[in-house]
Amino acid sequence: MTRLGILISGRGSNLGAIADQVAAGHITAEIAVVIANRPEAPGLEAALRRGLNAVCLPSKGLDREVYDRMLLAELEKHAVDLVCLAGYMRLLSAGFIRKFPNRILNIHPSLLPAFPGLDAQHQALDHGVKLTGCTVHFVDEQLDAGPIILQAAVPVQDDDTVETLSTRILHEEHRIYPEAIRLVLSGGYRIEGRRVIGK
Ligand code: GAR
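Here this note's numbering is used: the first residue of the sequence shown is -16, the next is one more, and so on.
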């Protein structure tokens, strides 16, 4: 069975959505390890409460290459073959990404390529778009730029705040992230250039 490694930095609600689907047998994989790079991440506690194998590897003050080697060692220790970034707010080094070619997924709270980077929901509101959403994509060496697996659109309402918009986007994130993982696990796709196409 595929062994997932889930990286988090914060709340861990996407981790929760994935773990629910694994527990229900809707994702045929095992969560081999959850790694938080911040000791105060609420998702770490939540993962432990669920009985998941969760560890903290604090990244603060560490050089990216040095930290990513620690990360890699932890993932290899648990024989992870698919890495899911779930609110992991740290860039990965090229060396790390090359170890998992098309085996790292990320969820981002906008319709990429719009609004990459931090505070995507804030960026969307500032820009005045009427439609935003979320994207699950493969991670390559550019920020928030790898081939797109699934997206969901979320309309922006006139009275939206960052909080209300984020909540509605999050609802869609929890739906499409498990779905994207299922697709990747099934192998029922091919990557042509930037396009992820169903077989
Ligand atoms: C989610 O909205 C996710 O899309 C976003 O952080 C949040 C994490 O929430 N990720 C990024 O912005 C990555 N650039 P969670 O910890 O509750 O899953």
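Every residue gets a Cβ at the ideal spot worked out from N, C-alpha and C, and that includes glycine.
**Prompt:** Closest to residue 148 by CA distance: which of 83, 117, 30 is it?
**Reply:** 117
Rounded C-alpha distance that separates residue 101 from residue 146: 15 Å
**Asked** So, is the C-beta of residue -9 closer than 9 Å to a C-beta in chain B?
**Response** Reference to chain B is not applicable here, since this structure consists of a single protein chain.
Item checked: Contact belief for residue 64 with residue -14 at Cβ below 8 Å, rounded distance in angstroms -> 5 Å
Would you call the CB atoms of residue 84 and residue 127 closer than 9 Å? no
Where residue 176 falls, given that 16 or more other Cβ within 10 Å makes a residue buried: exposed
Could you check the C-alpha separation between residue 17 and residue 103 for me, to the nearest Å? 24 Å
Q: Assuming residue 68 and residue 30 form a contact by the criterion Cβ under 8 Å, report the distance between their Cβ atoms to the nearest whole angstrom.
A: 15 Å between Cβ atoms; not a contact.
Practice prompt. Round the Cβ separation of residue 87 and residue 66 to the nearest angstrom and send it over; I've been treating them as touching at under 8 Å.
Written response: 4 Å
Check your understanding: How about residue 95 and residue -10: are their beta carbons less than 9 Å apart?
Key -> no
| task | Within 10 angstroms of the Cβ of residue 140, are there 16 or more other Cβ atoms? Answer buried if so, exposed if not. | result | exposed
Next on the checklist: For residue 85, report the span of its beta strand (DSSP E) as first-last.
Outcome noted: Counting along the chain, residue 85 falls outside any beta strand (DSSP E), and DSSP gives it neither H nor E.
So, are the CB atoms of residue 15 and residue -12 less than 9 Å apart?
-> yes
| task | Return the Cβ separation of residue -4 and residue 157 in integer angstroms, given the expectation that the two are a contact with Cβ distance under 8 Å. | result | 7 Å
> For the alpha helix (DSSP H) that contains residue 13, what are its first and last residues?
Replying inline: No alpha helix (DSSP H) holds residue 13; the beta strand (DSSP E) holding it covers 12 to 19.
DSSP has residue 6 in a bridge; who is on the other side? DSSP lists no partner for residue 6.
Check your understanding: Say the cut is 8 Å; is the CB of residue -7 nearer than that to a heavy atom of the ligand GAR?
Key -> yes
- Query: Is residue 92 buried or exposed, if buried means 16 or more other CB atoms sit within 10 Å of its CB?
  - Reply: buried
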